[in-house]
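Engineer: Okay, handing you the structure first.
In UniProt numbering, the protein residues as written are 1 to 288.
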């Protein structure tokens, strides 16, 4: 994983299903989702971040909201990513997504934060409707499958231009999905028929740098490898970019990856040229 290790405090974030499994509350299991025989997550330990089901009390006192939008080609595993994280299940059949919204409440330093996760359709038929989900987005998860060179190619050719056309400054996390299939014999045989190969982590990391993404994470919705790390990164990135610079310094120090998140862009008033006496006043008063 290139978005290097968060400290143990953040790696031990309890997942949504860890918290709701004991009392039966939370999101219902979708009809096409198969529950797991046993959870692959270790028992959650005390942490500053705790994910749990929405409650009326939490929603009333939620002053901070984060919105995360998943984009990428169809069939790369965006929906499986969200379903596996929120229900500890896995879709047993592929059903193309139109637009789905998921919502959880996260406790950060004992303060509730509402995380809205928007799952979008990657098919071309939805190109005109998809941007309707983009306003007020705090973090984009730009997804591709590590066993689909076409979806990796479209990161640059389609998805980055679309995101930047509507949200020029919103941070992006590049996510490589289906990493469990990288060594699957049948997948490798099928790729070889088209003279293709899986996308390696180094190549994806270089692509993340090229598109100025915050970082790159590989994950698997099936095995849940790095699944929690993906949404930990969403939370940290969202808080980093939405909080004022002074209050975000402590979060910045908690990130232990090699490439720090760049500071938020300067405000317009900070970038204005300084006034220089009468000459500046004359320039400002020229009639149009």
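We put the CB at the ideal spot given by N, CA and C, even for glycine.
Bear in mind the structure is a predicted one, so any value in this text is a computation, not a measurement.
#1: Tell me which same chain residues have a C-beta within less than 6 Å of the C-beta of residue 171, skipping the five on either side of it?
#2: Which residues mark the beginning and the end of the alpha helix (DSSP H) in which residue 171 is found?
#3: Identify which residue in 239, 227 and 99 has its Cα closest to the Cα of residue 84.
#4: Excluding the 5 residues preceding and the 5 following residue 196 in the sequence, name in chain order all residues of the same chain whose CB lies nearer than 6 Å to its CB.
#5: Can we count residue 180 as close to the ligand MG, meaning its CB is less than 7 Å from some heavy atom?
#6: Note down, in chain order, each residue of its chain lying with its Cβ closer than 6 Å to the Cβ of residue 198, except the 5 sequence neighbours on either side.
#7: Give the straight-line distance between the Cα atoms of residue 208 and residue 91, rounded to the nearest whole angstrom.
#8: Residues in its own chain within less than 6 Å of residue 130 by CB, not counting five upstream and five downstream?
#9: Looking at the secondary structure, which residues open and close the alpha helix (DSSP H) in which residue 189 lies?
#10: Whole angstroms are fine: how far does the CA of residue 102 sit from the CA of residue 26?
#11: What did DSSP end up calling residue 127 once you bin it into helix, strand or coil?
#12: Taking 8 Å as the cut-off, decide whether the C-beta atoms of residue 126 and residue 72 are in contact.
#13: Could you check the C-alpha separation between residue 202 and residue 193 for me, to the nearest Å?
#14: Just verifying my parser: in three-state terms, what is the DSSP assignment at residue 218?
#15: If you count every other CB in all the chains shown that lies within 10 Å of the CB of residue 112, and 16 or more means buried, which is it?
#16: With DSSP as the reference, identify every bridge partner of residue 234, one or two as the case may be.
Structural biologist: Checking against the coordinates, here is how it stands:
#1: Here residue 171 has 139, 214, 237 and 241 as same chain residues with Cβ atoms under 6 Å from its own Cβ, once five neighbours each way along the sequence are excluded.
#2: For residue 171, there is no enclosing alpha helix (DSSP H), as DSSP marks it with neither H nor E.
#3: Ranking 239, 227 and 99 by Cα distance to residue 84 puts 227 first.
#4: Contacts found: 149.
#5: Of the ligands one can find in the structure shown there are none, so the ligand MG has no counterpart to examine.
#6: Contacts found: 146, 147 and 182.
#7: One alpha carbon belongs to residue 208, the other to residue 91, and they sit about 28 Å apart.
#8: Once the five neighbours on either side are set aside, the close Cβ partners of residue 130 are 120.
#9: Residue 189 -> alpha helix (DSSP H) spans 185-193.
#10: Legend: pLDDT at residue 26 = 41, less than 50; position of this residue unreliable, value from coordinates given subsequently. Using only the alpha carbons, I get a separation of about 11 Å.
#11: Coil at residue 127, not helix or strand.
#12: Contact flag unset, no.
#13: For residue 202 and residue 193, the gap between their C-alpha atoms comes out near 24 Å.
#14: Looking at residue 218 - three-state DSSP - the assignment turns out to be strand.
#15: Flag for residue 112 reads buried.
#16: In the DSSP assignment, residue 234 forms no beta bridge with any residue.
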